[in-house]
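**Q**
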Amino acid sequence: MDRNMGAAEARARSEAARAEGALPQARSHDRRRGAAPHGGRRRDVRRTALLATLLLVACSGAPSLTGPSPSPSVPSNARPDDFDGIRAKAHVDWLADAARGGRYTGSRGYDDAANYVADRFKEIGLEPLGDNGTYFQHFTTPMVDLAAMPVLAVTGTDAKSFKARVDFTESVGGRAGSGTVESQVAVVGGGARTNGQNDFAGANVRGKIALITGPALQSGGNTVENAFQEGAIGALVIGSTTIRYSFIPKFQSQTIPALAITEDVANELLAPSGKKVSDVQTAVRARRSDPNAPPPGFDVSTVVRVSVPLTPVHDVDAYNVVGLLRAGDADAAKRAVLVGGHLDGVGTDPDGSVFQAANDNASGPAVTIEVARALSAAKATLRHSVVFVAFAGEEEGLLGSEAYAAQMAVSPGRTESLIAMIDLDVIGCCGDSLIISNETPDLQRRLRDAASKLGISTQTIGGGGSDQSTFVRRRVPAAFVGWSDYILHTYKDVPAVVDVSHLKRAGDVITTSAKDMVTND
Numbered sequence: 441m442d443r444n445m446g447a448a449e450a451r452a453r454s455e456a457a458r459a460e461g462a463l464p465q466a467r468s469h470d471r472r473r474g475a476a477p478h479g480g481r482r483r484d485v486r487r488t489a490l491l492a493t494l495l496l497v498a499c500s501g502a503p504s505l506t507g508p509s510p511s512p513s514v515p516s517n518a519r520p521d522d523f524d525g526i527r528a529k530a531h532v533d534w535l536a537d538a539a540r541g542g543r544y545t546g547s548r549g550y551d552d553a554a555n556y557v558a559d560r561f562k563e564i565g566l567e568p569l570g571d572n573g574t575y576f577q578h579f580t581t582p583m584v585d586l587a588a589m590p591v592l593a594v595t596g597t598d599a600k601s602f603k604a605r606v607d608f609t610e611s612v613g614g615r616a617g618s619g620t621v622e623s624q625v626a627v628v629g630g631g632a633r634t635n636g637q638n639d640f641a642g643a644n645v646r647g648k649i650a651l652i653t654g655p656a657l658q659s660g661g662n663t664v665e666n667a668f669q670e671g672a673i674g675a676l677v678i679g680s681t682t683i684r685y686s687f688i689p690k691f692q693s694q695t696i697p698a699l700a701i702t703e704d705v706a707n708e709l710l711a712p713s714g715k716k717v718s719d720v721q722t723a724v725r726a727r728r729s730d731p732n733a734p735p736p737g738f739d740v741s742t743v744v745r746v747s748v749p750l751t752p753v754h755d756v757d758a759y760n761v762v763g764l765l766r767a768g769d770a771d772a773a774k775r776a777v778l779v780g781g782h783l784d785g786v787g788t789d790p791d792g793s794v795f796q797a798a799n800d801n802a803s804g805p806a807v808t809i810e811v812a813r814a815l816s817a818a819k820a821t822l823r824h825s826v827v828f829v830a831f832a833g834e835e836e837g838l839l840g841s842e843a844y845a846a847q848m849a850v851s852p853g854r855t856e857s858l859i860a861m862i863d864l865d866v867i868g869c870c871g872d873s874l875i876i877s878n879e880t881p882d883l884q885r886r887l888r889d890a891a892s893k894l895g896i897s898t899q900t901i902g903g904g905g906s907d908q909s910t911f912v913r914r915r916v917p918a919a920f921v922g923w924s925d926y927i928l929h930t931y932k933d934v935p936a937v938v939d940v941s942h943l944k945r946a947g948d949v950i951t952t953s954a955k956d957m958v959t960n961d
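Each residue of the sequence shown is one higher than the one before, starting from 441 at the first, in the numbering used here.
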């Protein structure tokens, strides 16, 4: 296979084979909104498509159908072996442009971004470490997306519609799924349901929409699950409403629609009762202190309509982008440090609003590219190799890093040969301190020491939540690195929020740390 073949070309060639009768037609409802036609294929189609694609490409030396992506032409005074913050910012600007559509895994915009990263890896001189001599590691994954904008509205004589991404946002995953319901509101306090505490007491939730005001009880179980078990047909939970949450395509067999709402919206829904959220929360706390206190739950006359329209769960083709900077010592080169970050974002809303995902996480692959450039200039000094990866599917549950770790097909990309993994996430802005996860104390210390020598303060956070978790679970030393005051999953996460200074300072820390590990260990 031609190693320059891009993700888009692989897809396009299998589509061409389908058009000529080599492959069966995918049904129209198999298409994910925002993806190229036939971008998400069923498993019975996909195997045939992959075989046809490999045969076509093996017999063709044609360049990528999309052509090479543009290399940023920016003025820079950086030495070849220094991290270049100006170039990194140019990468962010391209990857997070609205034309990429938010880079939802499986979309055309994601494929374009993957091709861009692969082209930069090729320019730098990295060896392709993906499938069949390419930079692309293919995997298939189930995905789900919004089919239309979610709805929250009061019905009846005082009808009112609330605004998505301002007053409310959808919650998706587990028991929270697709559906449209209309019913009376029942207030259930913190939504706890344990032997020692039942916030549902006092309210008749069955057939109604549960309003969960908090405060939550850590051992009280999942509040939407609890509402379902009590017979609720929908759930409203006070929480952040300006972000688009990640859609984890794993659902219970039965689901109910659920929304996060603001406290102001909750107070409007409570108005007929004469109570406010603060009153309910006070009652919840009193009940937890004294089991004989009145239960916090009660019914409200307000009737609301809740709608969360989701696409069916469907398989899509996804691609990690993987490149290798191989050390000269044949034996030492079998061990490697992995530097990477996720390339995907949360995509585009059905109303056309794009989550451009500049800081979360065009910044991660942008820094990865420039760390690769700096280390490649010092290749002669490296004892160990460096693997560079732009992961797909992080927003849907670390799917790309799991696929990479599960395949472990090519040394030194195999997890058992990794010295360390450094995960770059929300690394383009904001705040004065780098946050470094603490799953691996020795790696955290090395990163912290490198930052200290460069005059950069650090903070420690617990693990979990990003791609480093995949490697920690496999006993690979790994750490998350990002800035302390990050922005993510909002319409405001645009290239303008990412600045050269934050990219440069973070990139210097990563370059220094990685170089130390592959030259001195």
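We put the CB at the ideal spot given by N, CA and C, even for glycine.
Less than 6 angstroms between C-beta atoms, sequence neighbours within five positions excluded: which residues of the same chain meet that for Ile875?
**A** Cβ neighbours of Ile875 beyond the five flanking positions: Gln899, Ile901, Gly922, Ser924.
**Q** Does the stretch 856 to 863 come close enough to the stretch 925 to 943 to have 3 or more Cβ pairs within less than 8 angstroms?
**A** Not touching, per the Cβ criterion.
**Q** Round the Cβ separation of Ala797 and Asp933 to the nearest angstrom and send it over; I've been treating them as touching at under 8 angstroms.
**A** The pair is a contact, with the Cβ atoms about 6 angstroms apart (cut-off 8 angstroms).
**Q** What is the rounded straight-line gap between the Cα of Gly596 and the Cα of Val743?
**A** So the alpha carbons of these two residues sit roughly 7 angstroms apart.
**Q** Using a Cβ-Cβ cut-off of 8 angstroms (strictly less than) and excluding sequence neighbours within five positions of Ser857, which residues of its own chain qualify?
**A** The answer, listed in chain order, is Lys774, Arg775, Ala776, Ser851.
**Q** Identify whether Ile950 lies in helix, strand or coil by the three-state DSSP scheme.
**A** Helix at Ile950.
**Q** If distances are taken between C-alpha atoms only, which option among Val753, Gly737, Leu894, Ala723 comes closest to Ala581?
**A** It is Thr, not Ala, that sits at residue 581 in the sequence shown. Measuring from the Cα of Thr581, the nearest candidate turns out to be Val753.
**Q** Quick one: what does DSSP say Asn638 is sitting in, helix, strand or coil?
**A** Residue state, collapsed to three classes: strand.
**Q** State the beta-bridge partners of Pro582 as determined by DSSP.
**A** According to DSSP, Pro582 bridges with Asp755.
**Q** For Ala723, collect the residues of the same chain with a Cβ closer than 6 angstroms to its Cβ; drop the 5 residues on either side in sequence, then sort them by chain order.
**A** So the qualifying residues of the chain are Pro736.
**Q** Within 8 angstroms, do at least three Cβ pairs link the stretch 781 to 792 to the stretch 830 to 837?
**A** The stretch 830 to 837 vs the stretch 781 to 792: in contact.
**Q** Quick one: what's Pro568 bridged to in DSSP?
**A** Answer is Gly763.
**Q** If I follow the unbroken alpha helix (DSSP H) through Ala846, where does it start and stop?
**A** Element bounds for Ala846: 839 to 847.
**Q** Does the distance from the CB of Ala706 to the CB of Ile673 come in under 7 angstroms?
**A** No; because the gap between Cβ atoms is not below 7 angstroms, this pair is not in contact.
**Q** Could you check what DSSP says for Leu490 in three-state terms: helix, strand or coil?
**A** Annotation note: pLDDT 30 at Leu490 (below 50); position unreliable, no value reported.
**Q** Whose C-beta lies closer than 7 angstroms to the C-beta of Pro712 among residues of the same chain, with five residues either side of it excluded?
**A** Correct list, in chain order: Val740, Ser741, Thr742.
**Q** Per DSSP, what kind of secondary structure is Gln884 in: helix, strand or coil?
**A** In the structure shown, Gln884 sits in a helix (DSSP, three-state: H, G or I).
**Q** Note the first and the last residue of the continuous alpha helix (DSSP H) segment covering Ile683.
**A** Neither: Ile683 is in no alpha helix (DSSP H) and is coded neither H nor E.
**Q** From which residue to which residue does the beta strand (DSSP E) around Ser718 run?
**A** No beta strand (DSSP E) holds Ser718; the alpha helix (DSSP H) holding it covers 717 to 729.
**Q** In angstroms with no decimal places, state the Cα-to-Cα distance between Asn960 and Ala588.
**A** Distance between the alpha carbons of Asn960 and Ala588: 54 angstroms.
**Q** Roughly how many angstroms lie between the CA atoms of Gly565 and Thr681, to the nearest whole one?
**A** Cα-Cα distance, rounded: 44 angstroms.
**Q** If we call anything under 7 angstroms between Cβ atoms a contact, is Ala536 one with Ser611?
**A** Their beta carbons are not under 7 angstroms apart, which means Ala536 does not touch Ser611 by this criterion.
**Q** Within a Cβ cutoff of 6 angstroms, which residues of the same chain sit near Ile558, ignoring the five residues on either side of it in sequence?
**A** The sequence as given places Ala at residue 558; Ile does not occur at that position. Excluding sequence neighbours, Ala558 sits near Tyr575, Val761.
**Q** Flag this pair as touching only if the stretch 529 to 545 and the stretch 948 to 960 have three or more C-beta atom pairs under 8 angstroms; answer yes or no.
**A** The stretch 529 to 545, when compared against the stretch 948 to 960, does not touch it at the 8 angstroms Cβ threshold.
**Q** Identify the continuous beta strand (DSSP E) that holds Glu403 and give its terminal residues.
**A** For residue 403 there is no data in the structure shown, the boundaries of the chain being 441 and 961.
**Q** Would you mind giving the Cβ-Cβ distance between Asp585 and Phe687, rounded to the nearest angstrom? I have them listed as a contact below 8 angstroms.
**A** Indeed they touch by this definition, with Cβ atoms about 7 angstroms apart.
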